[in-house]
Amino acid sequence: MMSSSFNIFRVGISFVMMCIFYKSAVDSLSELSPQKYFSTLQPGKASLAYFCQADSPRTSVFLEELNEAVKPLQDYGISVAKVNCVKEETSRYCGKEKDLVKAYLFRGNILLREFPTDTLFDVNAIVAHVLFALLFNEVKYITTLEDLQNIENALKGKANIAFSYVRAIGTPEHRAVMEAAFVYGTTYQFVLTTETALLESIGTEDIKNAHLYFFHCKQVLDLTEQCRRTLMEPPLTTLNIHRFIKTMEAPLLTEVAEDPQQVSTVHLQLGLPLVFIVSQQATYEADRRTAEWVAWRLLGKAGVLLLLRDSLEVDIPQHANVVFRRAEEGVPVEFLVLHDVDLIISCVESNMHIEEIQEDEDDMESSDMDIQDDEVAETVYRDRKRRLPLELTVELTEETFNATVVASDSIVLFYAGWQAVSMAFLQSYIDLAIKLKGTSNMLLTRVNCADWSDLCTKQNVTEFPVVKMYKEGKSPVSYPGMLGTEDLLKFIQLNRISCPVNITSVQEAEEYLSGELYEDLISYSSVSVLGLFSPNMTTAKEDFTEAGNYLKGCVITGIYSEDDVLILSNKYAATLPALLLARHKEGKIESIPLANSPAQDIVQIITDALLETFPEITVENLPIYLRLQKPLLILFSDGSINPQYKKAILTLVNEKHLDSLTPCWLNLKNTPVGRGVLQAYFDALPPLPLLVVVNLHSGGHVFAFPSDQAITEQNLLLWLKKLEAGLESHITILPAQEWKPPLPAYDFLSMMDAAASQHPTRKDPECTKETDAQENDKKHEDKSAFRKEPIETLRIKHWNRSNLFKGEKSFKHDNKEL
Amino acid sequence: MGFSAAARLWGPPGLLLTFVLHPALCLRPAQTSAPRHRDYCVLGAGPAGLQMAYFLQRAGRDYAVFERAPRPGSFFTRYPRHRKLISINKRHTGKANAEFNLRHDWNSLLSHDPRLLFRHYSRAYFPDAGDMVRYLDDFADRLGLHVLYNTTIAHVTLNKDRQAWNGHYFILTDGMGHAHRCSVLLVATGLSVPNQVDFPGSEYVEGYESVSVDPKDFEGQNVLILGRGNSAFETAENILGVTNFIHMLSRSRVRLSWATHYVGDLRAINNGLLDTYQLKSLDGLLESDLTDLAVVKDREGKFHVTLKFFLEEGNQSADAITLPQDDSDNFAMRVAYDRVIRCLGWNFDFSIFNKSLRLSSGGEFSKKYPLVKASYESKGSRGLFVLGTASHSVDYRKSAGGFIHGFRYTVRAVHRLLEHRHHSVAWPSTQHPISQLTSSIVRRVNEASGLYQMFGVLADVVLLKENATAFEYLEEFPMQMLAQLETITGRKARHGLFVINMEYGRNFSGPDKDVFFYDRSVGHTEDAWQSNFLHPVIYYYRHLPTEQEVRFRPADWALPRPTAIHHIVEDFLTDWTAPVGHILPLRRFLENCLDTDLRSFYAESCFLFTLTHQKLPPFCQQGYLRMQGLLGTESLWRHGVESGLLRDYTIVGRRREDQGQGPLSSSQAPGPPVQPLDSNKEEL
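Each protein sequence line maps, in turn, to chains A and B. full-length UniProt numbering puts the last residue of the first sequence at 818; the count rises by one with no breaks. full-length UniProt numbering puts the last residue of the second sequence at 684; the count rises by one with no breaks.
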C-alpha cells in the first residue's frame, strides 16, 4: 500500500530532476516546537526532523550540514525541520540526555527510521540515508553473488537492472545512486552492494572506486543466458548516471537516410558523439551486424547509427565507411575509412582523449605547424599544376651543356626542381623567354640541378637560383640583379653591346650622347657614360675599360680617345681624362673629371651618378637608395607627383638642404604595397599626398609632415629644421624585434626521451625530473594510440582538417601579417 | 662476408713466411742502395688501393701503389668462386643525377670520368667477377695510376726519424730485397687469409678457396657446409639441385641482410637453401659451436660429426669412437657425409707487419680486422691508415665500410684528412648565407651517395658562422671523429653546428626482427622520429662535442646527445622534397635552433619589411637588400593572395577602416616571439 502511494508521489519527480541542478535560494531550516512539528505532518509526505534540547548550541557542524540538505530533500518532496524540545512540551523523541539526540524520518506521522547524528555526517550522507530509507523496496541491498544471480534470474525477460557498488553507505556516490534510483527506480531494478568480494566476482579489478553496471535483462528470453552488462565508465555522479541511463534507454541502433550533419539523437544532447556506419543495399545485412556489434561496444560512449548510402541525398566521400560527428555544435562531420571494427572503437575512444588533451595544450598551434607559412613555397605549390611553356627555353644536360654554351651566346638558369625560390624565378624566366621570342640572339637555357648536380657543381653553382651568361671567348658572368623578368631583360639587352663601346669619331660620340646610336637600349639605361681620354692615357683608359666591363649589363659605357678628343672636352668643359654622363630623360650632359681614379673608384663614380636626385622609389630600386645609409624623405602620392611638390623638393635639394636625407617619392599606383607602409605608420590612412621622414638606420623613428600644411619650400624647410632640432615628435617607431621562428618545431628529443623512459632497462641518467617524464609518457601513449590507425584513415582526416582551417586561414594570416 | 668488397689477396702465407724468417737477409741490399722515398705508399691495387691512388693522383701527390699480382684486383680473379658478385649494378634509376645514381651503383669507384662507371662494364644486375677485374684494370690504366705490379711487399717496418711527417718512416721491403721509404702508409690489402677453425678432423674439411665449383662433383652426395655467410650459401646454391641434401652448420643464427640492413649478411640472392629447409626438402640449418666438434672418417671414407670430448676419451680407433647418436638416437647429424666444406670467411694478413708498427687485431668482435680509429688511422702508429675491406672494424655489421660502395667514400675522407694534415689544404667546404641552409641540407639528403651508403659513419657537417648569418658545409666527415673536427678539417666550429646523418629506426633492424610488420612505415611528420627505414636525421649542437661526450654517448645513439634533433620522415621513394611533409618541418627545426625566421619572401614583402621594421628576415637581408630580390609573377602573386599569405594592396585603400585586420597593425612584430626550441631543453 505504501509503495503505491509513493508511486503517485513520484510522478512529479522527473520534473524535480530537472531542477536538481539549479541552485535556488536556500530554504533555511525551520525551527519548531514538537507540537507544532507534529501538526504540520501530512499523510504520505516524508519528513526529516532533528530533535534537540533547547539549550543546545544554536550551531553545530551537523546543523550546518542539515541546513544544506534542506533544499535537495525538498526537491524530493521531503521536508526538514529542527524540533526544539522545550521543557514544557517533552516528546518521546526528545532524547533524555544531550548526547542522545537523533534525527527521525516520518512518513505522515509514521516513524520510518531513526538516525544517530553521526551517520548523517554530511549533506551527502543525509540525502543518501533518507532516500535509501524511503526507497527501501526499490533499491535492493545485497551482499552475495547469489543474491545478485537470484535477482538477475527473476528479472530476465522482464526488466533491466542497475547494479552499483559503492564503498560505503552515505558516500557521495551512494547519494548519486539513490538520487538516480529515485527517478528510475520504477523502470529499472536498482541493486546496491558495498561488498568488494561481490564486485570482484563479476570481474572488476578496480575495487577502489564505485561502479555502476547496467544489466540488459529485459531482452533475455532464454533463462540460461546471462544478461549482457554495460559498465558505466565515467565517475558516479547524479548527472553521469542520468546520462548513462538515458543512453541505455535509447535505441541501440538507429537507421537513418539523411544528412549526418542534420541527424539529432539523445546522444548529442547528452554531449556524446555519433558514429554512422555507412551501409549500402548490397551489404546491408553484414553492415547491420557490424553496426550492432559496434553499438554494443560503444554503448554509453557514443550513439551508433546505420547510414543508408543508397537513399542518401548528400554526398559522402566514396571510400568513407564511417562518419564521425562530434557532439560540439558547428563542428563538421569527419569521413573516415576504417577497415577494422576495432579501429572504430579506438577512434571514438581516442577522440575523446584528444578532446581532453586539447583542453591542456593548444592543439591549434601544432596543427598550424603543418601549414605552409612560406609565401614563396606556398604560391609555387599552388601553381604546380599549371603547365609552363618550358619549351621556350632550352633544357641543357651534362651532355649538351658545353656544346651549347660554346656554340652560341647563352643565358643559363641554374635551378632545382624542388626548390621553391628557383621555381618561382623559373616562371619569370619563362615570361622573359616569351617576351624575347625570336628577337634576341641570346639563347635562353636552363639546367635543373636536381638532375645535373655534377654539372652545376662544375659551373660553381652551389645555391639556387643562379643565372649566368656565357659568351664566346669570355669567362661566364653571373647575373647580379633582381630575380625578375624586367631586370633580367635589361641585363640581357645591355649585354648586346660590348662595354665600353669604342667610339671612333666625334660625330659618333655625339650620336652616342644624344642616344641615337643605341636608341633601342636607352629605355634600359637612362644614362650613357662616355669616357674621354687622350690617346696616350693608357692606364686611365685601362682602368675605365675595366670599370665599363664590370658595369656591363647595368649601364651603357663608351670610350673615345681619338686625337680630336679635345673637340669634345672643350664642348662639354671637361678636363681630360673625364667622364661625360648623358641623362637621356632630362636631356642633360654633365662632365666629371677622372684624375687618376682606379677602376674601383670609377665604378663608384658611375654608380653614384646613376642615382637620381629625387627618384620614384619602387620595390626594385629601394635597395640601391638604402645603400646611402641616410634617412628617407618619402612623398607618398596616389598617382603621378604634383609638379609643384617636385619643384619644391628639387629646389631644396639644389640648395643642399636635403643632403642628410634621401629624398624620394612613392607612387601608390605603381607600388601599391606603399599602402601597407602607410598603414604601419598611421592608424588610419591619411589623405594623400603625404610626406614622411623614415629614419631606418638609427632608431627607426618616423616623422610626418603636418597634413594641414601645404608642401612648399618654406614650410618644408621649417619643418626639417625643427626636426633636426628635435622639436618634432615622431608618429611611430618602427619595431626593432629580431625575426624569430614563426612557429615552434617538433621537439623530437623529448618525444624520444619519453619513449625511452618507458623502457626501464634503458633509463637515461640525465632524466632527473621524473614527474615531467611521466607526464610526457602519458601524452605520448595517447598520441601513439591514436596514430596506430592506418595511414589512409589519417589522410582523409587530415584532408578534412585542413579544409576546416581553410576558412579561418585567411583571417588568421591577416592577423599575423604573413 | 661479401665479395663486393673484398680486396686483393696476398700471396700464400707460406711464401711470405720465408721472407719474414729472414728479415736481415732482405734488409741488407736495401741498406746498400738508399731506399726510394715516397710521401704515400699504398699496399694493394684492389678497389680501395686504386681509389686512394686516384685521389692522390688528382691532388698531385708523390705516391706509389704496390701490387703483388701483375694486374689490379687479383682477389676478384679467383673470388667469389662462383663468379657472381652480389653487389648490385643498377643501371637505371629513372634519374639523371649522377650522384644520386651512385646510391644504387655498388661497384664503381669514384672518379671524374663518367666512362669509368661500372654500368658500362656489365649489363648484369649481379655482375660477373671477371667484369670487376676488367673494370679495375681500366680504372688503373685510364687514370694513369702509379702501380708497381709484380711487387710483393714482404716486410714492413718502422724507422724513427725526426724529420719525417709523423716522426717515423715506413720501410717497405719487396721480394727483390729493395726497400721503399714512405711517410704515410696506406694499407689496402683486404682480407686474404681464409679463416680456419681448428678441431679434430679439420684436415678432412675442404676450404671454400679450393673446393670444386662443378656441380657434377657433388651428384648424389651428402654435404655438410661449415659457416653461414654469403660464401657458404653461395656454395650451397651452386650444388643445391644435385646433392642428396646439404646441412649447414655454424655457431650463430642466420642473419638475413634484409632484416639487418647490413649488406654483409646473407643476401636474398643466395638464400635458396633457406627455402628448401623450411619446406622440408631435406636440406637444413643447424647451430653449434664449431670448436666443440670433431669430424671422424669411417672406413668407407664417409665423415661423421661427433663431439670433441668424445675423442678425448682416448679410444682412437675410427669405428669405435663414440658418436652422439649412440646416446641420443635422434641426433640431427647422425647421417654420414660425403663432403665437409669450410666457408668461414677471411682474416687480415698481419704477418708482413713488424711489431714496431703495433698493428694489432681488433677486439673480440672484430678479430679479423686490424684495430683502427674512426679516422681509419692505426691506433698503434701515426701515419698508417687502413683502407678498404680491412678497415671494416669501424662499422662491422653496421654500415657499408667493408664494401666498395662504402669504402670508396671513407677512402676519400682519409684523403681529405691527409690533405689537411700534410698539405694545409682544409677540408673542402662551401660557404653560404644562412638563407640557403634549408636548401643545402635538402639537396644533400636527396642526392648524396656517401651519406646514404655510409649511414651512421660519414655525416655532413654544417658549421655556423658568428651570429648564424652564414654557414660552411662540409661533406662526409667521419662522425665518430666529431670532437676532433677542427684539427682534422682545419675549419672552425665555434658557433654551433649541425650534423646530417642517415639512420634506420632504432629497433627496426636485427636478425630476429620482423621487418614486414604492419605499420612499419611512418607517414606523419610528427612521428618522424619513429621512422624505420633509412631517413635523414639532423643533430644540432651549440658546441662541438668533446671526445668524452662522443665516447660515452648513450648506447644506441650515433652521436652524443644533441641540443635538438630532427628526423625527416622516412619516404617510400627516398625523395625528401615534399614542401609540407619534408621541407617545412626541417625549416621549422632549423629556425628554432637558430632562433630566426628562415622563410623566403617575395621582393614586395621585403620592401614592406624594409620600410616598416628596423630588422629584416635573413632572406630579405641576404637577397633583396643585395639587389637580388625575388619579384615573382602575376600568377604566383594571385595564388599568394588566395592563400592569404600575400595581400592585395591595390584594394587596401577602399577598406582601410578595418584596421584590426590590416596586416600592418600586427606587423609591428613579425609574429609573436615563440619560445625557442632549446630554451626548454635546459629544463629537461
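We treat Cβ as the ideally placed atom computed from N, Cα and C, and that holds for glycine.
Spatially closest choice to Ser534/A from Leu494/A, Gly484/A, Ala595/A and Asn654/A, by CA coordinates:
In the first sequence, counting from the first residue as 1, residue 534/A sits at position 534. Looking at the Cα atoms, Ala595/A is the closest of the given residues.
For Ala547/A, collect the residues of the same chain with a Cβ closer than 6 Å to its Cβ; drop the 5 residues on either side in sequence, then sort them by chain order.
Looking up residue 547/A in the first sequence gives position 547. The answer, listed in chain order, is Ala599, Ile602 and Val603.
Is it a yes or a no for the stretch 486-505 of chain B touching the stretch 537-554 of chain B, going by three-plus beta-carbon pairs under 8 Å?
yes
Enumerate in chain order the residues of its own chain whose CB-to-CB distance from Ala176/A is below 7 Å, with the five nearest sequence positions on each side excluded.
What you label residue 176/A is simply residue 176 of the first sequence in a count that begins at 1. Leu236, Thr237, Thr238 and Ile241, listed in sequence order.
Quick check on DSSP: helix, strand or coil for Asp105/B?
As a working note, residue 105/B is residue 105 in the second sequence. If DSSP states are grouped into helix, strand and coil, Asp105/B belongs with the strands.
Taking C-alpha atoms, which residue in Asn446/B, Asp39/B and Phe348/B lies nearest to Leu172/B?
In the second sequence, the residue the question calls residue 172/B occupies position 172. Taking only the C-alpha atoms, the option nearest Leu172/B is Asp39/B.
In the DSSP assignment, what are the bridge partners of Gln431/B?
Within the second sequence, numbered from 1, the residue matching residue 431/B stands at position 431. Note: Gln431/B sits in a beta bridge opposite Glu472/B.
Whole-angstrom distance between Pro663/A and Leu609/A, CA atom to CA atom:
Translated into the one-based positions of the first sequence, residue 609/A becomes position 609. Translated into the one-based positions of the first sequence, residue 663/A becomes position 663. One point to set straight first is that residue 609/A is Ala, not Leu, in the sequence displayed. Their Cα atoms are separated by approximately 16 Å.
Identity of the residue in Met481/B, Phe607/B, His423/B and Ile583/B nearest Pro623/A by Cα:
Position 623 of the first sequence, counted from the start, is the residue given in the question as residue 623/A. Here the closest residue by C-alpha is Phe607/B.
May I ask you to list the residues that DSSP assigns as paired with Gln53/A?
For the purposes of this step, residue 53/A is taken as residue 53 along the first sequence, with counting starting at 1. Cys85/A.
Would you call the stretch 397-412 of chain B in contact with the stretch 436-453 of chain B, where contact means no fewer than 3 C-beta pairs closer than 8 Å?
yes
What separation, rounded to the nearest whole angstrom, lies between the Cα atoms of Trp296/A and Thr290/A?
The sequence position of residue 296/A within the first sequence is 296, counting from 1. The sequence position of residue 290/A within the first sequence is 290, counting from 1. One C-alpha to the other measures close to 10 Å.
Candidates Arg91/B, Asp113/B, Arg78/B and Gly177/B: closest to Gly130/B by CA position
The count along the second sequence starts at 1 and reaches residue 130/B at position 130. Taking only the C-alpha atoms, the option nearest Gly130/B is Arg78/B.
So, at 6 Å on beta carbons, what are the nonlocal neighbours of Leu56/B in its own chain, with the 5 sequence-adjacent residues on each side left out?
As a working mapping, residue 56/B is identified with position 56 in the second sequence. So the qualifying residues of the chain are Tyr40 and Tyr63.
Under 9 Å between C-beta atoms of Ile411/A and Leu488/A:
As a position in the first sequence, residue 411/A is number 411, starting the count at 1. As a position in the first sequence, residue 488/A is number 488, starting the count at 1. In this structure, Leu488/A lies closer than 9 Å to Ile411/A by Cβ.
Can you find a CB in chain A that lies within less than 9 Å of the CB of Met333/B?
Your numbering for residue 333/B matches position 333 in the second sequence. It does not; no Cβ of chain A falls within 9 Å.
Cβ neighbour criterion (16 or more within 10 Å) applied to Ala53/B
The count along the second sequence starts at 1 and reaches residue 53/B at position 53. By the 10 Å Cβ count, Ala53/B comes out buried.
Under 7 Å between beta-carbons, which chain B residues line up against Phe464/A? List them in chain order, please.
Counting from one through the first sequence, the residue named residue 464/A turns up at place 464. Simply Ser439.
Residues, ordered as in the chain, of the stretch 66-99 of chain B that lie near chain A by beta-carbon distance below 9 Å
Lys95, Ala96, Asn97, Ala98 and Glu99
CA-to-CA distance, Leu444/A to Met469/A, given in whole angstroms:
The sequence position of residue 469/A within the first sequence is 469, counting from 1. The sequence position of residue 444/A within the first sequence is 444, counting from 1. Approximately 9 Å, taken between the alpha carbons.
What is the DSSP secondary structure of Cys41/B, reduced to helix, strand or coil?
Here residue 41/B refers to the residue found at position 41 of the second sequence. The answer is strand: DSSP assigns Cys41/B an E or B state.
On the criterion of 16 or more Cβ atoms from any shown chain inside 10 Å, does Arg384/A qualify as buried, or is it exposed?
Within the first sequence, residue 384/A is the residue found at index 384, counting from 1. Exposed.
Give the residues of chain A in contact with Asp597/B, contact being defined as C-beta atoms less than 9 Å apart.
In the second sequence, counting from the first residue as 1, residue 597/B sits at position 597. Those within 9 Å of Asp597/B in chain A are Glu738, Trp739, Lys740, Pro741 and Pro742.
Use the C-beta contact count for Trp557/B: other C-beta atoms within 10 angstroms, 16 or more gives buried, fewer gives exposed.
Numbered from 1 along the second sequence, position 557 holds the residue referred to as residue 557/B. Result: exposed.
Using the beta-carbon count (16 or more within 10 Å), is Thr247/A buried or exposed?
Counting from 1 along the first sequence, the entry for residue 247/A is found at position 247. The residue is buried, with at least 16 neighbouring Cβ atoms inside 10 Å.
Where do the N-terminal and C-terminal ends of the beta strand (DSSP E) with Lys102/A fall, by residue?
Residue 102/A sits at position 102 when you count from the first residue of the first sequence. Counting along the chain, the beta strand (DSSP E) containing Lys102/A begins and ends at Lys102 to Arg107.
For Leu631/B, which residues from the same chain have a beta carbon less than 6 Å from its beta carbon, with the 5 sequence-adjacent residues on both sides left out?
Position 631 of the second sequence holds residue 631/B. Result list for Leu631/B: Ala603, in chain order.
Using a Cβ-Cβ cut-off of 6 Å (strictly less than) and excluding sequence neighbours within five positions of Ile617/A, which residues of its own chain qualify?
Taking the first residue of the first sequence as 1, we reach residue 617/A at position 617. If we look at Ile617/A and ignore the five residues flanking it on each side, its Cβ neighbours are Cys664 and Leu666.
By Cβ distance, which residues of its chain are closer than 6 Å to Arg113/A, with the 5 residues on each side in sequence left out?
By 1-based counting over the first sequence, the position of residue 113/A is 113. If we look at Arg113/A and ignore the five residues flanking it on each side, its Cβ neighbours are Leu105 and Ala133.
Rounded straight-line distance, which links the Cα of Glu233/A to that of Pro260/A
Along the first sequence, one-based indexing puts residue 260/A at 260. Along the first sequence, one-based indexing puts residue 233/A at 233. When rounded, the distance between both Cα atoms is 27 Å.
Decide yes or no for the touch test of the stretch 58-74 of chain B against the stretch 91-103 of chain B: beta carbon pairs closer than 8 Å, at least 3 of them.
no
Sub-9 Å separation of Val275/A and Asp287/A beta-carbons
By one-based count along the first sequence, residue 275/A stands at place 275. By one-based count along the first sequence, residue 287/A stands at place 287. Not in contact: Val275/A and Asp287/A (Cβ atoms no closer than 9 Å).
Whole-angstrom distance between Glu586/A and Val527/A, CA atom to CA atom:
Taking the first sequence and counting its residues from 1, the one referred to as residue 527/A is at position 527. Taking the first sequence and counting its residues from 1, the one referred to as residue 586/A is at position 586. Their backbone Cα atoms lie some 10 Å apart in a straight line.
CB contact below 9 Å: Leu25/B versus chain A:
Start at 1 with the first residue of the second sequence, and residue 25/B comes out as number 25. In this prediction, Leu25/B scores a pLDDT of 42, lower than 50, which makes its location untrustworthy; the coordinate-derived value is nonetheless stated afterwards. No, Leu25/B does not count as interfacial toward chain A.
Within chain B, the residues that Met469/A reaches when beta carbons sit closer than 9 Å:
Residue mapping note: residue 469/A aligns to position 469 of the first sequence, counting from 1. Those do not exist, as Met469/A stays about 16 Å from chain B at its closest Cβ, beyond 9 Å.
As an exercise, report each continuous alpha helix (DSSP H) stretch of at least 4 residues that is fully enclosed by the stretch 397-468 of chain B, in chain order.
404-423, 437-447 and 449-453
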